[in-house]
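Line order of the protein sequences matches chains A and B. Just so we're aligned, residue 2 is where the first sequence starts under the working numbering, counting upward by one. Just so we're aligned, residue 3 is where the second sequence starts under the working numbering, counting upward by one. Beta carbons: idealized from backbone N, C-alpha and C, even for Gly. Treat the numbers as computed from the prediction; the structure is a model and nothing was measured. Working notes, structure below.
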Amino acid sequence: MHEDDSGVTKKRTLQLPSMSVPLSSHEMGEVELSCLAYAKMYLHASQFPRCSVNGLLLSSSAAGGAVCITDCVPLLHTHLSLAPITQLALTQVDVWCSQTQQRIVGYYQANACASDSSPTPCALKIAEKIFEQCNNAVLLMIDGEKMFPGCRVPPIVMYERKDARWALKDKHTIMLRQWEETCSIVNQLFSSGDQALLVDFDSHLDDITKDWTNQKLNAKIMELVSPANGNV
Amino acid sequence: MNIEKMRDKLRKWREENFRNSEQIVDVGEELINEHASKLGDDIWIIYEQVMIAALDCSRDDLAWSCLQELKRQFPDSHRVKRLAGMRLEALERYEDANKLYDSILQDDPTNTAARKRKISILRAQGKSSEAIRELNEYLEQFVGDQEAWHELSELYINEHDYAKAAFCLEELMMTNPHNHLYCEQYGEVKYTQGGLENLELARKYFAQALKLNNRNMRALFGLYMSASHVAASPKVSAKVKKDNVKYAAWAASQISRAYQMAGRGKKENKCSVKAVEEMLESMQITMS
Numbered sequence: 002m003h004e005d006d007s008g009v010t011k012k013r014t015l016q017l018p019s020m021s022v023p024l025s026s027h028e029m030g031e032v033e034l035s036c037l038a039y040a041k042m043y044l045h046a047s048q049f050p051r052c053s054v055n056g057l058l059l060s061s062s063a064a065g066g067a068v069c070i071t072d073c074v075p076l077l078h079t080h081l082s083l084a085p086i087t088q089l090a091l092t093q094v095d096v097w098c099s100q101t102q103q104r105i106v107g108y109y110q111a112n113a114c115a116s117d118s119s120p121t122p123c124a125l126k127i128a129e130k131i132f133e134q135c136n137n138a139v140l141l142m143i144d145g146e147k148m149f150p151g152c153r154v155p156p157i158v159m160y161e162r163k164d165a166r167w168a169l170k171d172k173h174t175i176m177l178r179q180w181e182e183t184c185s186i187v188n189q190l191f192s193s194g195d196q197a198l199l200v201d202f203d204s205h206l207d208d209i210t211k212d213w214t215n216q217k218l219n220a221k222i223m224e225l226v227s228p229a230n231g232n233v
Numbered sequence: 003m004n005i006e007k008m009r010d011k012l013r014k015w016r017e018e019n020f021r022n023s024e025q026i027v028d029v030g031e032e033l034i035n036e037h038a039s040k041l042g043d044d045i046w047i048i049y050e051q052v053m054i055a056a057l058d059c060s061r062d063d064l065a066w067s068c069l070q071e072l073k074r075q076f077p078d079s080h081r082v083k084r085l086a087g088m089r090l091e092a093l094e095r096y097e098d099a100n101k102l103y104d105s106i107l108q109d110d111p112t113n114t115a116a117r118k119r120k121i122s123i124l125r126a127q128g129k130s131s132e133a134i135r136e137l138n139e140y141l142e143q144f145v146g147d148q149e150a151w152h153e154l155s156e157l158y159i160n161e162h163d164y165a166k167a168a169f170c171l172e173e174l175m176m177t178n179p180h181n182h183l184y185c186e187q188y189g190e191v192k193y194t195q196g197g198l199e200n201l202e203l204a205r206k207y208f209a210q211a212l213k214l215n216n217r218n219m220r221a222l223f224g225l226y227m228s229a230s231h232v233a234a235s236p237k238v239s240a241k242v243k244k245d246n247v248k249y250a251a252w253a254a255s256q257i258s259r260a261y262q263m264a265g266r267g268k269k270e271n272k273c274s275v276k277a278v279e280e281m282l283e284s285m286q287i288t289m290s
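Written out as structure tokens, the structure is:
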């Protein structure tokens, strides 16, 4: 184990799949990431390849048990560490969530420097705030180095709150249902040009006629999702 | 699209310094491949523009061929050497790129482009403190370089060094008094620093930004939030409180109006209009 000074503990031991033994039901905390949430995060990071981007992870499921991330709201691509717009966005998303029976269950960020996917102080701060309201909140960092066509591994690193710090989550507790299908959906969005539909909160402030809840894009993605699998 | 239109587009993107690299590659590649003979002397600047855009899109094949044409035409040019350096940077061959830039600087120590590329390399490698140090040194010599001041303010913001970021923005505001974006960014930095004095300052700069551009939504929200915070502070006099309540109320009405106008006729925007109304209400409750 080693610690970096952002307070994150990183495990360096290799773990074989069948050998991980959960110590408590909390440690086995499963997180499920929907195709919709994944696709929009990926599109967000792709839309601003030179910037750090961030956003909020939402759930429409009831609290308790596994965390089901069913949607996400892309927030910023500029000045992530400045307070006013972040506060504004958090408040607006909060209000929207209460209107739509969703909860904020996590935070995602993709760093501008693709080779460094460790959480920044800003990421930890916001994740901390979310944790105050949601005790199984997750912090998700997008790994830019794994964002290339044909990559077989999800470009995602997840952290959870354990022992007063954000610790790397066991990969095997992260569920991405229908991974192949999700990849194919993302590719389709790029080839159809629909990836340009994504609006983040920053873009909304540049032009408030743009919809940061991304209703249009959501509909397109749900169309592509296999009808046989309503939960993706 | 005919040749004239394509040329005009490329010129516009060049002049406005747009980084819409995919479009530039699209238009530029066609122009170069099919109509090179008709471009006259324009072709060289187009090669340069397309080359840089090609690097952005991982089109090393295209970048390489543009570079070859430029090398052939301008064999000893520092400007072309810098482009060669940028290609090395795109390939993450930073040591080789630095060697190239160093050789330019040996020949011409005042070559600002090469110096800036070296600083960009530090940024790409995540070496922020070194990038900051080099940029500061650069600015001691080239104190009027706006682009550099802005780059430095961004670096300081990323490092959470808000006081120094504010200093850079102050330089920019002095030389660009009509730029609403600098005022608004300054307001954001002051707001982030926090404390009553900084919040009042933030409010003033948000107001100034709005004077320069009354459609700057960030400034409008910033004004609302900073005025609300000041009004809620136990340390202010009754008069200051009253004034700030007025400013906040004005900002809130402007925000509501803007969202109503934006939401007209758009079904999906009704969510954000309602969200804004509720948000303004909820913020008032926490402020009082």
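On a CA-only basis, which of the options is nearest residue i? Give me that one, please.
i, options, result
"CYS52(A)", "ALA115(A), ASN219(A), GLN103(A), ILE209(A)", "ALA115(A)"
"THR87(A)", "ASN55(A), PHE132(A), GLY66(A)", "ASN55(A)"
"ARG119(B)", "GLN127(B), GLU94(B), MET88(B), GLN108(B)", "MET88(B)"
"PRO236(B)", "ALA165(B), LEU33(B), LEU198(B), GLN187(B)", "LEU198(B)"
"THR183(A)", "LEU140(A), VAL154(A), VAL94(A)", "VAL154(A)"
"THR71(A)", "LEU58(A), GLY194(A), LEU81(A), MET148(A)", "LEU58(A)"
"ASP63(B)", "GLU31(B), ASP78(B), GLN75(B)", "GLU31(B)"
"PRO111(B)", "LEU124(B), PHE144(B), ASP98(B), LEU85(B)", "PHE144(B)"
"ASN19(B)", "VAL52(B), ILE5(B), ASP43(B), MET3(B)", "VAL52(B)"
"GLU156(B)", "GLY265(B), ILE134(B), GLU142(B), MET176(B)", "ILE134(B)"
"ALA111(A)", "PRO75(A), ALA197(A), ALA67(A)", "PRO75(A)"
"GLU181(A)", "GLY151(A), GLN196(A), SER192(A), LEU206(A)", "GLY151(A)"
"ARG166(A)", "VAL139(A), ASP212(A), ALA67(A), ARG178(A)", "VAL139(A)"
"ALA46(A)", "ILE105(A), SER61(A), TYR109(A), GLN102(A)", "TYR109(A)"
"TYR184(B)", "GLN195(B), GLU172(B), THR194(B)", "GLU172(B)"
"LEU33(B)", "SER23(B), GLU24(B), MET8(B)", "MET8(B)"
"GLN195(B)", "SER255(B), TYR164(B), GLY224(B)", "TYR164(B)"
"ASN188(A)", "ASP212(A), ASN137(A), LEU77(A), ILE222(A)", "ILE222(A)"
"GLN256(B)", "LYS11(B), TYR207(B), VAL29(B), ARG220(B)", "ARG220(B)"
Would you give the residue range spanned by the beta strand (DSSP E) that residue i belongs to?
i, result
"SER60(A)", "54-60"
"ALA168(A)", "166-169"
"GLU161(A)", "157-163"
"GLU31(A)", "No beta strand (DSSP E) holds GLU31(A); DSSP gives it neither H nor E."
"ILE143(A)", "139-143"
"LEU77(A)", "72-77"
So, under 8 Å CB-CB, residue i and residue j are touching, yes? Tell me the CB distance rounded to an integer number of Å.
i, j, result
"GLU161(A)", "LYS170(A)", "5 Å"
"ALA211(B)", "ASN200(B)", "Actually they are not in contact, since the Cβ atoms of ALA211(B) and ASN200(B) sit about 16 Å apart, beyond 8 Å."
"MET176(A)", "LEU34(A)", "7 Å"
"VAL96(A)", "MET227(B)", "Incorrect: roughly 15 Å between the Cβ atoms, too far for contact."
"ILE106(B)", "HIS80(B)", "5 Å"
"PRO156(A)", "LYS147(A)", "4 Å"
"ALA277(B)", "GLN100(A)", "7 Å"
"ILE209(A)", "ALA234(B)", "Not a contact, Cβ separation roughly 26 Å."
"LEU190(A)", "ALA40(A)", "7 Å"
"ILE123(B)", "TYR96(B)", "5 Å"
Which residue comes first and which comes last in the alpha helix (DSSP H) that contains residue i?
i, result
"LEU125(A)", "122-134"
"SER16(B)", "Contrary to the premise, residue 16(B) reads as Arg rather than Ser in this sequence. From DSSP, the alpha helix (DSSP H) with ARG16(B) extends over 5-17."
"GLU181(A)", "180-193"
"ASP62(B)", "62-75"
"ILE45(B)", "44-58"
"MET223(A)", "216-225"
"LEU208(B)", "The residue asked about is misnamed: residue 208(B) is Phe in this sequence, not Leu. Looking at the DSSP string, the run of the alpha helix (DSSP H) that includes PHE208(B) is 198-214."
"TRP213(A)", "From DSSP, TRP213(A) is part of no alpha helix (DSSP H); its letter is neither H nor E."
"ARG81(B)", "80-92"
"LEU154(B)", "148-160"
"LYS129(B)", "Note, LYS129(B): premise wrong, no alpha helix (DSSP H); not H, not E."
"VAL200(A)", "Neither: VAL200(A) is in no alpha helix (DSSP H) and is coded neither H nor E."
"THR112(B)", "Looking at the DSSP string, THR112(B) is not in any alpha helix (DSSP H), and its letter there is neither H nor E."
"HIS182(B)", "182-195"
"SER258(B)", "240-265"
"SER23(B)", "23-37"
Is there at least one non-hydrogen atom of the ligand ATP closer than 8 Å to the beta-carbon of residue i?
i, result
"GLY189(B)", "As presented, the structure is devoid of all ligands, the ligand ATP included, so that no description of it is given."
In the DSSP output, which residue or residues are listed as bridge partners for residue i?
i, result
"ARG104(A)", "SER60(A)"
"TYR109(A)", "GLY56(A), LEU141(A)"
"CYS69(A)", "GLU33(A)"
"MET176(A)", "GLU33(A)"
Anything in the stretch 48-63 of chain A with a Cβ closer than 7 Å to a Cβ of chain B? List those residues in chain order, please.
none
If the cut-off is 7 Å on Cβ atoms, which residues from the stretch 69-86 of chain A count as contacting chain B, listed in chain order?
HIS80, SER82, LEU83, ALA84, PRO85, ILE86
Taking beta-carbon pairs under 8 Å, can you tell me which members of the stretch 152-173 of chain A lie near chain B?
none
Pull out every residue of the stretch 95-109 of chain A whose Cβ sits closer than 9 Å to any Cβ of chain B, in chain order.
ASP95, VAL96, TRP97, SER99, GLN100, THR101
For the stretch 126-148 of chain B, which residues have a beta carbon sitting closer than 9 Å to at least one beta carbon of chain A?
ALA126, GLN127, GLY128
Would you list, in chain order, the members of the stretch 223-235 of chain B that have their beta-carbon closer than 7 Å to a beta-carbon of chain A?
PHE223, GLY224, MET227
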